[in-house]
Amino acid sequence: MPREHLAIIRGSGGASLVSRPTPLPEPGELLLAPLVSGLCGTDLQILLGERDDPAAVLGHEAVARVVAAGAGVPAGLAEGTLVMLNPTNPDDPGSLIGHIQDGVFQQRLVISAGMVAAGLVLPLPVELPLRLAPLIEPLACVLYAFELMARKAPPGPLLIYGDGVVGHLALLAARSHLPAATDRIMIHHRSEGMRWSVDNGMPAERRMLFEGLDGEQCGECAMALLATPRRATLACLADAVPRLAGGGIVDLMGGVPAESRLDALPEIADLAAVRHGNCGGRPRDGAYCETVSSHGKRLTLFGHRGAPNRMLQAAARELAQHPCRYGTLVTHLLDLPEAAALMDGYWLTRRREYRGRRFIKVGIRFPEAAKPPRGAASLLSLSSETQS
Numbered sequence: 001m002p003r004e005h006l007a008i009i010r011g012s013g014g015a016s017l018v019s020r021p022t023p024l025p026e027p028g029e030l031l032l033a034p035l036v037s038g039l040c041g042t043d044l045q046i047l048l049g050e051r052d053d054p055a056a057v058l059g060h061e062a063v064a065r066v067v068a069a070g071a072g073v074p075a076g077l078a079e080g081t082l083v084m085l086n087p088t089n090p091d092d093p094g095s096l097i098g099h100i101q102d103g104v105f106q107q108r109l110v111i112s113a114g115m116v117a118a119g120l121v122l123p124l125p126v127e128l129p130l131r132l133a134p135l136i137e138p139l140a141c142v143l144y145a146f147e148l149m150a151r152k153a154p155p156g157p158l159l160i161y162g163d164g165v166v167g168h169l170a171l172l173a174a175r176s177h178l179p180a181a182t183d184r185i186m187i188h189h190r191s192e193g194m195r196w197s198v199d200n201g202m203p204a205e206r207r208m209l210f211e212g213l214d215g216e217q218c219g220e221c222a223m224a225l226l227a228t229p230r231r232a233t234l235a236c237l238a239d240a241v242p243r244l245a246g247g248g249i250v251d252l253m254g255g256v257p258a259e260s261r262l263d264a265l266p267e268i269a270d271l272a273a274v275r276h277g278n279c280g281g282r283p284r285d286g287a288y289c290e291t292v293s294s295h296g297k298r299l300t301l302f303g304h305r306g307a308p309n310r311m312l313q314a315a316a317r318e319l320a321q322h323p324c325r326y327g328t329l330v331t332h333l334l335d336l337p338e339a340a341a342l343m344d345g346y347w348l349t350r351r352r353e354y355r356g357r358r359f360i361k362v363g364i365r366f367p368e369a370a371k372p373p374r375g376a377a378s379l380l381s382l383s384s385e386t387q388s
C-alpha cells in the first residue's frame with residue numbers, strides 16, 4: 001500500500017495539491033479510495049472563507065472503493081466494495097466530513113468507526129455512469145426536500161431560488177417527484193446563470209433574474225425552495241414571503257446565520273433553528289414551523305440538513321434510470337490537478353468558469369477509477385465519456 005497520497009488542501013491563499021501520509025484503518029474504520037467526488041457550493045463557500053468550517057481537505061460527495069477495512073467492520077463493506085457516503089450523522093453533527101473532518105478531495109480517506117457504525121457508508125445499489133456519481137448526494141437532498149414539502153404543500157406554482165446544481169436538480173426532478181407543483185419558476189442570480197440554463201434546455205415554465213423582480217410577474221405561488229448560499233438566503237426568503245399564497249410552504253434548504261430573523265415573519269425568533277429542524281431523515285414525520293406573515297398569510301416553513309440513507313439510494317436509482325435527464329448538469333469531469341486549479345482560480349476571481357466554460361457541477365476523477373475492480377463486483381460504469 002502506498003505510504004503517501006495526493007490531496008487538495010485549502011488555505012488562506014486558495015487551493016493547492018500536496019502529498020500526505022496515508023493512514024491505516026483502526027478497528028471499526030475504513031480506508032477508502034475515492035473514484036469520483038463532487039465539488040459543491042458549500043465547498044466554494046468554505047474555500048472563500050464565508051464559513052468557518054475547519055477542514056483542510058474539503059468535499060463530502062463521493063463514490064469510493066474500500067481499500068482496507070479495520071477489524072469489526074461489517075462484511076458488506078469488504079475490500080473492493082464500491083460505496084457512497086452519507087456525510088450527515090444526525091447523532092454526531094461534529095463528524096461532518098469535508099466540514100469538520102477532512103473530506104474526500106484526496107486519493108485516500110479514513111472513515112471513522114462512528115460513521116461506519118452509524119451506517120453512513122452504503123454499498124452503491126445500482127450500476128451508474130461515472131460522471132453521474134457527483135449528483136447522488138445533492139439529488140438525495142432534493143428528493144428529501146420534496147418528500148417533506150409534499151406533506152404540506154397545496155397545489156400551485158413552485159418558486160426555485162438559485163441556479164446552481166441543487167436548483168437545477170429541483171427543476172428537473174419536480175415534475176415526477178413533486179406533482180403538486182403546477183409550474184416551475186426559476187429565480188436566477190445572474191444573467192450568466194440564466195443564459196446557461198436556457199442554452200442547455202432546463203425546463204422551467206418561467207424564469208426571472210432576482211435583481212429587479214416585479215411581484216406581478218408570477219402572481220401567488222404555493223411553494224418556494226431556497227437553494228441558495230448562506231449569504232443570499234435571507235434576501236431570497238424576504239422576496240419569497242409576499243409571493244406566497246395563504247397556506248404556502250417554504251423550504252430553507254440554504255443555510256442562514258445563527259439567530260436570523262426576518263421582519264416579514266415576526267413570529268419566528270430564529271430561522272436557523274427552523275432550518276435545522278430536520279436532519280438526515282429525523283424526525284420521521286418532519287419538523288415544520290407554522291406562522292403568520294406580516295402580510296397576514298398563514299405559511300409553513302421548514303428546513304433540513306443532509307438526507308437519510310434511503311434518499312441516497314433513491315437518488316442513485318433515479319440517476320441510473322434517467323441519465324439523460326440529469327447528465328447535462330455535470331459540466332466538468334477533472335483530475336486532481338485540474339480540480340485544484342479550478343478551485344484556486346475560483347478563489348482568485350469568484351467566477352464560476354473554468355477554461356472559458358461556466359461550471360455547474362464539477363466532478364473530480366481519481367486514478368482509482370481507471371483500475372479494474374478488486375474483490376466485490378463493480379457496479380460503476382467507469383467510462384468517463386458517458387454523456388447524457
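Take the sequence shown: its position 272, counted from the start at 1, is 272 in full-length UniProt numbering, and no numbers get skipped. We put the beta carbon where it would ideally sit given N, CA and C, even for glycine.
Residue interval of the alpha helix (DSSP H) (run including V104): Taken as a continuous stretch (DSSP letters only), V104 belongs to no alpha helix (DSSP H), as it is neither H nor E.
Three-way DSSP call (helix, strand, coil) for V83 in this model: Of the three classes helix, strand and coil, the one that applies to V83 here is strand, per DSSP.
Every unbroken beta strand (DSSP E) within the stretch 19 to 61, with a cutoff of 3 residues, ordered by chain: 30 to 39
Start-to-end residues for the beta strand (DSSP E) that takes in C221: C221 to L226
Cβ shell of E4 (< 8 Å), same chain only, five flanking positions each side left out: S19, R20, P21 and T22
Alpha carbon of A240 to alpha carbon of A68, nearest angstrom: 49 Å
Distance CB(residue 451)-CB(M253) smaller than 7 Å: Beyond the ends of the chain as shown, which are 1 and 388, falls residue 451; an answer cannot be given.
Near the ligand COA: A153 beta-carbon under 6 Å from a heavy atom: The ligand COA is not among the ligands present in this structure, which contains no ligands whatsoever.
Unbroken alpha helix (DSSP H) run spanning T291, endpoints: For T291, there is no enclosing alpha helix (DSSP H); the enclosing beta strand (DSSP E) has its first and last residue at C289 to V292.
Whole-number beta carbon distance between L171 and I160, since they are thought to touch under 8 Å: 6 Å
Local conformation of E368 per DSSP, three classes: Shown here, E368 sits in a helix according to DSSP, grouped into three states.
Continuous alpha helix (DSSP H) stretch holding V142: start and end: Where V142 is concerned, the enclosing alpha helix (DSSP H) stretches over I136 to A150.
Residues of its chain near G248, where Cβ-Cβ distance is below 6 Å and the 5 sequence neighbours each way are ignored: Within the same chain, G248 has close Cβ partners A222 and L299.
Uninterrupted beta strand (DSSP E) stretches inside the stretch 154 to 223 (no shorter than 3 residues): 156 to 161, 181 to 188 and 206 to 209
Anticipated Cβ contact below 8 Å, G70 with P25, distance rounded: 4 Å
Residues near G14 in its chain [Cβ-Cβ closer than 6 Å; skip 5 each side]: D344 and W347
Boundaries (first-last residue) of the alpha helix (DSSP H) holding L342: Residues L336 to T349.
Option nearest I360 by Cα separation, candidates R151, L44 and M311: L44
DSSP-derived helix/strand/coil call for G14: Collapsing the DSSP output to three states places G14 in a strand.
N- and C-terminal bounds of the beta strand (DSSP E) containing T300: R298 to R305
Closest residue to G286 among L262, L17, P308 and A245 (Cα-Cα distance): P308
Cβ neighbours of A339 in the same chain (closer than 6 Å, five flanking residues each side left out): I364
Q321, buried or exposed, once every other Cβ within 10 Å from all chains shown has been counted against 16: exposed
D263 versus T182 - alpha carbon distance: 29 Å
Closest residue to A312 among G119, A232, C289 and L58 (Cα-Cα distance): For the sequence presented, residue 312 should be read as Leu rather than Ala. Of the residues G119, A232, C289 and L58, the one whose Cα lies closest to the Cα of L312 is G119.
Of the listed residues N278, L132, G94 and C236, nearest to G38 (C-alpha basis): L132
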